[in-house]
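Student:
2 protein chains.
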Amino acid sequence: MLRTTLNRYFPVLTWGKTYNRQALSSDLMAAVIVTIMLIPQSLAYALLAGLPPETGIYASIVPIILYAVFGTSRALAVGPVAVLSLMTAAAIGKVADQGTAGYVVAALTLAGMSGVILLVMGMLRLGFLASFLSHPVIAGFISATGILIAASQLKTILGIDASGDTLPTLVLSLITHLPETNMLSLAIGVSATGFLFWVRSGLKPALLKRGFKPRHADILTKAGPVFAVVATTVLVWSQNLSDSGVRIVGAVPQGLPPLTMPSFSPDLLQALLLPALLISVIGFVESISVAQTLAAKKRQRIDPNQELIGLGAANIGAALSGGYPVTGGFARSVVNFDAGAETPAAGAFTAMGLALAALLLTPLIYFLPSATLAATIIVAVLSLVDFSILKRSWNYSKSDFFAVASTILLTLTLGVEAGVSSGVLLSIALYLYKTTRPHIAEVGLLAGTQHFRNVNRHPVLTDPELLSIRVDESLYFANARFLEDYIYDRVTANPKIRNVVLMCSAINEIDLSALESLEAINLRLTEMGVKFHLSEVKGPVMDRLKMTHFLKTLSGRVFLSQFEAVQALATDLCRRGSPDEV
Amino acid sequence: MLRTTLNRYFPVLTWGKTYNRQALSSDLMAAVIVTIMLIPQSLAYALLAGLPPETGIYASIVPIILYAVFGTSRALAVGPVAVLSLMTAAAIGKVADQGTAGYVVAALTLAGMSGVILLVMGMLRLGFLASFLSHPVIAGFISATGILIAASQLKTILGIDASGDTLPTLVLSLITHLPETNMLSLAIGVSATGFLFWVRSGLKPALLKRGFKPRHADILTKAGPVFAVVATTVLVWSQNLSDSGVRIVGAVPQGLPPLTMPSFSPDLLQALLLPALLISVIGFVESISVAQTLAAKKRQRIDPNQELIGLGAANIGAALSGGYPVTGGFARSVVNFDAGAETPAAGAFTAMGLALAALLLTPLIYFLPSATLAATIIVAVLSLVDFSILKRSWNYSKSDFFAVASTILLTLTLGVEAGVSSGVLLSIALYLYKTTRPHIAEVGLLAGTQHFRNVNRHPVLTDPELLSIRVDESLYFANARFLEDYIYDRVTANPKIRNVVLMCSAINEIDLSALESLEAINLRLTEMGVKFHLSEVKGPVMDRLKMTHFLKTLSGRVFLSQFEAVQALATDLCRRGSPDEV
């Protein structure tokens, strides 16, 4: 018992037992590749969050180790990611000024709150809450965020000061400051961006053509950002470009992650509560999608609730070791997986690699131009931008399209928090709206079968004294009245009707409000001399109805199948117009 | 065209055309009875709202006339009601002190805002929004409000000062001030309450026994409150009880409703926005339920969206004529209907009666003790209190019970606004939660039929290589993943399975997220060598699927019925355990 519980909360106990030399070597190889990729990326994302560059490295060390202990995914790489960095900047920009100690403490606090929220959600097994972020809304949100992030990096490429949490304010600010553009910075930024785009798309085929092994071509491609970092750093240092106004990373403290403490000020906690909640949910959704995609490829299973605990621990770790909110990132996890990581130990080795970098390499990046980091970010996030979801949803369902389009529009114009909140609320509202006016079909018998279909779509047999209707939705408070109105309208419009059968094959639930409506329908039809029957009532619904008086007062019967109902009630089955005739 | 539009927005044009002498005499009779009942009730509700007593009369004059022009119910009587009076007191008590001019203006403003909200909702045809207040939540809310109102009137009966928007604060305040009780006031209040309870329950049978005609017995019963008012007023006046501390209504201005103007101060409008919204929705729900109940008895039809316009006009009228928020009241409408009102003209005659009362009768109520009015309110609201909904919902559905119980609890402990908001949100949340984990059944063929039922509930025939599952819920973003997981678990657990048929008879909608899940299931099953089929896909769902690539990539087929699917795919149908054996 204790053992099972321990194994559940510490997945490391399961995979650790069978860890062997072969897994070790795969994990080490993956760790080397990921570490090389992560160094520039971590620095860049920290700058995107408005934090000192070393924060990005710190946020990749302790969290990775904690996730390796508590998480269930074997390939997920936890650390700073683009979307959460932008959300962090938006959230703490409201409570503190960039560059102050308060800003850094706010970031720690945000990570700590997010960690606690994730942990509590995991313990309460609330992983299902993430399913309220629909695929289209997530796709729209990620694309819009990509645009916002790329736009926010333009200022660094141009070497100017500009600010804004939304696309209009950002663009306006960029235009205002455009005359102050530093041409050297622009040249470095544009070349780095062009180079990195080429590395992404053109380098690997070129290397393969020249006879490189796919594995080596891969590693060289992953090292592209490192090459850009080294080249531009050397350029700035050798040509003294920082004296000409090219902004550089500057002094970065050398050492292991510090022990830090988030703030417990009630005002700060209150101000950060909503952002922390959104960051937790968005981070969890991003992480779980990546983890499940990768796990599926190896037939492994992800436990969403344990993932919450793993991510919660990682974020609390980030709060205590000078980091900021983290999650399982898409890019780094895919690289980790492709590089052959077999167990979470790969993550632990990556953490060691980054710790070494923090100890030894920071003096070397003094002259690293910020424009290069901005280029890394732009190239990374633009690969996430994909507006095809707009076309896809437009073709499939206008309400999905509506949710996506407003998520994108509101993210760009009002910011990330408003965008994603409205996307979720709108999806739910549209779903609820649809359920309030369910599809109701009059059905008839398909000749020669026992099967009933919509009279308006199929040539079927019906009886003029018998109205068979199928309501295609569970009955609950928000649509109970709708069914009532439909039945009254149909029965008053056709005085021949003697029996009404409600075919319940699509009714998965009847709540108390709907039960009251059914009672009202039964009563009203009885007054009109019409009997009310049910057919094909599902087991769970029937169990519920049996506990009420409804079945005793029902004027008609409950039939196991619609066919039985028609056999018992129909006196004069005749052909109704086929769909073409209607 | 213009004529139809005019008729729609001015129902008076429809019924006015056929108005005749017989209808006039019925309407006049009803108006007399309702006027007699309304005079004490209107004064009492105004005091409940913390407003001067005449406000209650004013709020019953212009609104009734406007509703008669715009409303669709023939029997609804519009005016102040208990619940809205309490909500008004709670809302404006936060922005102004009772007895000040600001308090009265805030009440006018609240009525005006509520009027505009209702009018806009009606024009946007948002009447369906009211269906999100489920029957059980409404029942719980009304009962809890009844308790709150009755408790708030105890202070008037006791002749003490006490305050509080919630039951705990109210009770505490009552206990603190209990020593200041005025014994004369208590005696009047308790006798009036006892008398009115007896009028309600014992008077009519007693009168009938003595040979009164039912109609006359009815009128005498309705006049009970008037008798209590006259008797206690005469008592206080003749014995000079007001000198002994019995609180009286005092001077009430004599005259027709004044022309008033609500405030347009942005601060006030903002502070009152949420209360105005809640008052609009609650008022609308109360009114529409009454209107539909009464209309059903005469086979008349209520147009919910036109009702919104009628109530909106009534509330704007209240704002411009010294009133406060109004709606169609249950008690007064039932009295109006029972008294034989045939058209909204009865309302107009009632308005005239009340206008006469405002012009002539106000000096006569100078010595009317407040305790008598409190007794009227207590007797009226306690008849609305009915906690049987708790037992009923407990027996039927725990989630309905949970919604009702928290509505009652939160209304009593946190106040009306928190109570009703949380009731609505909780109902929606519980409904959504249920849809995220749909009921999924494995189905088999009922021998000798073409009908398929749950293998765990019925003795059915199944094929070991064929998995037929029926998911009892529409597929949408919040449950798409759940189905995916279920199918993977079932198929990996049973390597014999070669075909999976998803029986879609209960699937009323597949949104884009769910479509992506189906695509993922199809892909994954194909990789495992299993074919994926659909059966009984509904017309509207099929139309949607035909526009996508999904049907082209589907490894299996789409069958019109589950029976066809089994005929085509099953090779070895054999009996599965009956429910008793499982």
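So the sequence lines, in the order shown, correspond to chains A and B.
Counting with numbering that gives the first Met the number 0, you get residues 0 to 581 for the letters of the first sequence.
Counting with numbering that gives the first Met the number 0, you get residues 0 to 581 for the letters of the second sequence.
Cβ atoms here follow ideal geometry from the backbone N, Cα and C, with glycine treated the same way.
#1: Determine the direct distance from the alpha carbon of residue 283(B) to that of residue 227(B), and round the result to whole angstroms.
#2: In chain A, what lies closer than 8 Å to residue 511(B) by C-beta?
#3: For the segment 498-509 of chain B, list every residue whose C-beta sits within 7 Å of some C-beta in chain A, in sequence order.
#4: Short of 8 Å Cβ to Cβ, which residues in the segment 472-489 of chain B face chain A?
#5: Start and end of the beta strand (DSSP E) containing residue 501(A)?
#6: In the DSSP assignment, the alpha helix (DSSP H) including residue 662(B) goes from what residue to what residue?
#7: For residue 531(A), write down the residues that DSSP places opposite it in a beta bridge.
#8: Helix, strand or coil for residue 558(A)? Go by DSSP, reduced to three states.
#9: Spell out whether any CB of chain A is found under 8 Å from the CB atom of residue 579(B).
#10: Would you list the residues sitting across from residue 451(A) in a DSSP beta bridge?
#11: Within the chosen definition, does the segment 107-123 of chain A reach the segment 302-315 of chain A through at least 3 CB pairs nearer than 8 Å?
#12: How is residue 320(A) classed by DSSP in three states: helix, strand or coil?
#13: Report, in whole angstroms, the separation of the C-beta atoms of residue 427(A) and residue 69(A), which I expect to be a contact under 8 Å.
#14: Cβ atoms of residue 394(A) and residue 437(B): under 8 Å apart, would you say?
#15: What does the alpha-carbon distance come out to for the pair residue 579(A) and residue 544(B)?
#16: Please say whether residue 500(A) and residue 568(A) have beta carbons closer to each other than 8 Å?
#17: Along chain A, in chain order, which residues have C-beta atoms closer than 9 Å to that of residue 538(B)?
#18: Only counting the same chain, and skipping five residues up and downstream in sequence, which positions put a Cβ closer than 7 Å to that of residue 378(B)?
#19: Could you tell me which chain B residues have their CB closer than 9 Å to the CB of residue 71(A), listed as they occur along the chain?
#20: Quick one, which of 483(B), 463(B), 425(B) and 475(B) has its alpha-carbon nearest residue 442(B)'s?
#21: Taking all protein chains shown into account, decide if residue 179(A) is buried (16 or more other Cβ within 10 angstroms of its Cβ) or exposed.
#22: Going by DSSP, which residues form a beta bridge with residue 368(B)?
#23: Let me confirm a value: residue 510(B) is counted as buried when at least 16 other C-beta atoms fall within 10 Å, else exposed. Which label applies?
#24: Between the beta-carbon of residue 148(A) and the beta-carbon of residue 380(A), is there less than 8 Å?
#25: List, in chain order, every chain A residue whose beta-carbon is nearer than 9 Å to that of residue 556(B).
#26: So with CB distances below 7 Å, who are the chain A contacts of residue 547(B)?
#27: What are the boundary residues of the alpha helix (DSSP H) that includes residue 473(B)?
#28: Does DSSP put residue 509(B) in a helix, a strand or coil?
#29: Assign residue 397(A) to buried or exposed, taking buried as 16 or more other Cβ atoms, counted over all protein chains shown, within 10 Å of its Cβ.
#30: For residue 160(B), collect the residues of the same chain with a Cβ closer than 8 Å to its Cβ; drop the 5 residues on either side in sequence, then sort them by chain order.
#31: Measure from the C-beta of residue 184(A) to each C-beta in chain B and report whether the shortest distance is under 8 Å.
#32: Can you grab the Cα-Cα spacing for the pair residue 339(B) / residue 556(A), in whole Å?
#33: Against chain A, with Cβ distances strictly below 8 Å, would residue 435(B) count as a contact?
#34: Specify whether the segment 43-53 of chain A and the segment 241-254 of chain A touch according to this definition: at least 3 beta carbon pairs, one from each stretch, less than 8 Å apart.
#35: So, is the C-beta of residue 552(B) closer than 8 Å to a C-beta in chain A?
#36: Taking residue 375(B) and residue 224(B) to be in contact with their CB atoms under 8 Å, please state how far apart those CB atoms are, rounded to whole angstroms.
Tutor: Straight from the coordinates:
#1: On the second sequence, position 228 is the one that residue 227(B) refers to. On the second sequence, position 284 is the one that residue 283(B) refers to. Rounded to whole angstroms, residue 227(B) to residue 283(B) spans 32 Å at the Cα level.
#2: Here residue 511(B) corresponds to residue number 512 of the second sequence, with the count starting at 1. 133, 134, 135, 391, 392, 395, 396 and 399, listed in chain order.
#3: 504, 505, 507 and 508
#4: 472, 473, 475, 476, 477, 478, 479, 480 and 481
#5: For the purposes of this step, residue 501(A) is taken as the residue at position 502 of the first sequence. Its beta strand (DSSP E) spans residues 498-502.
#6: This structure cannot settle anything about residue 662(B), because the visible part of chain B is limited to 0 through 581.
#7: Translated into the one-based positions of the first sequence, residue 531(A) becomes position 532. According to DSSP, which records beta bridges pairwise, residue 531(A) is partnered with 499(A).
#8: Stepping through the first sequence from its first residue, residue 558(A) is reached at position 559. In this structure, residue 558(A) counts as strand in the three-state DSSP scheme.
#9: Mapped onto the second sequence, residue 579(B) falls at position 580. Caution applies to residue 579(B), whose pLDDT of 41 falls short of 50 and renders its modelled position unreliable; the model cannot decide the point.
#10: Locating residue 451(A) in the first sequence gives position 452, counting from the first residue. 444(A).
#11: Judged by Cβ distances under 8 Å, the segment 107-123 of chain A makes contact with the segment 302-315 of chain A, as three or more pairs qualify.
#12: Reading the first sequence from its first residue, position 321 is the one you call residue 320(A). Looking at residue 320(A) - three-state DSSP - the assignment turns out to be coil, as it is neither helix nor strand.
#13: Mapped onto the first sequence, residue 427(A) falls at position 428. Mapped onto the first sequence, residue 69(A) falls at position 70. In fact, because the Cβ distance is near 31 Å, the residues do not count as touching under 8 Å.
#14: Numbered from 1 along the second sequence, position 438 holds the residue referred to as residue 437(B). Numbered from 1 along the first sequence, position 395 holds the residue referred to as residue 394(A). With contacts defined by Cβ atoms closer than 8 Å, residue 437(B) and residue 394(A) do not form a contacting pair.
#15: Start at 1 with the first residue of the first sequence, and residue 579(A) comes out as number 580. Start at 1 with the first residue of the second sequence, and residue 544(B) comes out as number 545. Legend: pLDDT at residue 579(A) = 41, less than 50; position of this residue unreliable, value from coordinates given subsequently. So the alpha carbons of these two residues sit roughly 21 Å apart.
#16: Within the first sequence, residue 568(A) is the residue found at index 569, counting from 1. Within the first sequence, residue 500(A) is the residue found at index 501, counting from 1. Taking 8 Å as the Cβ cut-off, residue 568(A) and residue 500(A) qualify as a contacting pair.
#17: Here residue 538(B) corresponds to residue number 539 of the second sequence, with the count starting at 1. By Cβ distance, chain A contributes 438, 440, 452, 453, 455, 456 and 457.
#18: Locating residue 378(B) in the second sequence gives position 379, where the first residue counts as 1. 192, 195, 196 and 199.
#19: Here residue 71(A) is taken as the residue at index 72 of the first sequence, counted from 1. None at all; the shortest Cβ gap to chain B is about 14 Å.
#20: The sequence position of residue 442(B) within the second sequence is 443, counting from 1. Taking only the C-alpha atoms, the option nearest residue 442(B) is 463(B).
#21: In the first sequence, counting from the first residue as 1, residue 179(A) sits at position 180. Classification for residue 179(A): exposed.
#22: Here residue 368(B) is taken as the residue at index 369 of the second sequence, counted from 1. Looking at the DSSP assignment, residue 368(B) forms a beta bridge with 247(B).
#23: The sequence position of residue 510(B) within the second sequence is 511, counting from 1. Buried.
#24: Residue 148(A) sits at position 149 when you count from the first residue of the first sequence. Residue 380(A) sits at position 381 when you count from the first residue of the first sequence. Against a cut-off of 8 Å, the Cβ pair of residue 380(A) and residue 148(A) comes out as a contact.
#25: Along the second sequence, one-based indexing puts residue 556(B) at 557. Identification of chain A residues near residue 556(B) by a Cβ-Cβ cut-off of 9 Å yields none; the smallest Cβ-Cβ distance measures about 16 Å.
#26: By one-based count along the second sequence, residue 547(B) stands at place 548. Near residue 547(B) (Cβ distances below 7 Å), the residues of chain A are 395.
#27: The residue you call residue 473(B) lines up with position 474 of the second sequence. Element bounds for residue 473(B): n/a, residue is neither H nor E.
#28: Walking along the second sequence from the start, residue 509(B) turns up at place 510. Reduced to three states, the DSSP call for residue 509(B) is strand.
#29: As a first step, residue 397(A) is located in the first sequence; it is residue number 398 there, counting from the start. When all chains shown are included, residue 397(A) counts as exposed.
#30: As a working note, residue 160(B) is residue 161 in the second sequence. The answer, listed in chain order, is 154, 176 and 179.
#31: The residue labelled residue 184(A) in the question sits at position 185 within the first sequence. It does not; no Cβ of chain B falls within 8 Å.
#32: Translated into the one-based positions of the second sequence, residue 339(B) becomes position 340. Translated into the one-based positions of the first sequence, residue 556(A) becomes position 557. Roughly 38 Å separates the two Cα atoms.
#33: Indexing the second sequence from 1 puts residue 435(B) at position 436. So, interface residue.
#34: yes
#35: As a working note, residue 552(B) is residue 553 in the second sequence. It does not: the Cβ of residue 552(B) has no partner Cβ on chain A nearer than 8 Å.
#36: One-based indexing of the second sequence puts residue 375(B) at position 376. One-based indexing of the second sequence puts residue 224(B) at position 225. Indeed, because the Cβ distance is near 5 Å, the residues count as touching under 8 Å.
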